[in-house]
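Asker: Numbering (this note's numbering), first residue to last: 10 to 85. Would you mind keeping the following structure in view while I ask a few things?
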């Protein structure tokens, strides 16, 4: 009975640790990918498959859009 409690506590600790790590994970960046066959471009987070090469730097915004810049103008 004691070993079962120890196993349950250990597995609960591991589960909580994994949940915390998942909560802190950042989203995958977006890239433009170029087809090696016809030269078309595609926006995706991961490679569409064989025959595609990454064609841009990483975008932090969704859908290959740059992150919006917020400008705060102080009131006088």
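Built from N, CA and C at the ideal position, the CB exists for glycine as well.
Excluding the 5 residues flanking residue 37 on each side, which residues of the same chain have their C-beta closer than 8 Å to its C-beta?
Answerer: Here the set comprises 54, 55.
Asker: Taking residue 58 as the reference, give the member of 66, 45, 69, 70 with the closest Cα.
Answerer: Of the listed residues, the one whose Cα sits closest to residue 58 is 45.
Asker: Could you tell me how far apart the beta carbons of residue 42 and residue 62 are, in whole angstroms, since I believe they sit closer than 8 Å?
Answerer: Indeed, because the Cβ distance is near 7 Å, the residues count as touching under 8 Å.
Asker: By the three-class DSSP mapping on this structure, what secondary structure does residue 34 have?
Answerer: Coil.
Asker: From what residue to what residue does the beta strand (DSSP E) around residue 59 run?
Answerer: Looking at the DSSP string, residue 59 is not in any beta strand (DSSP E), and its letter there is neither H nor E.
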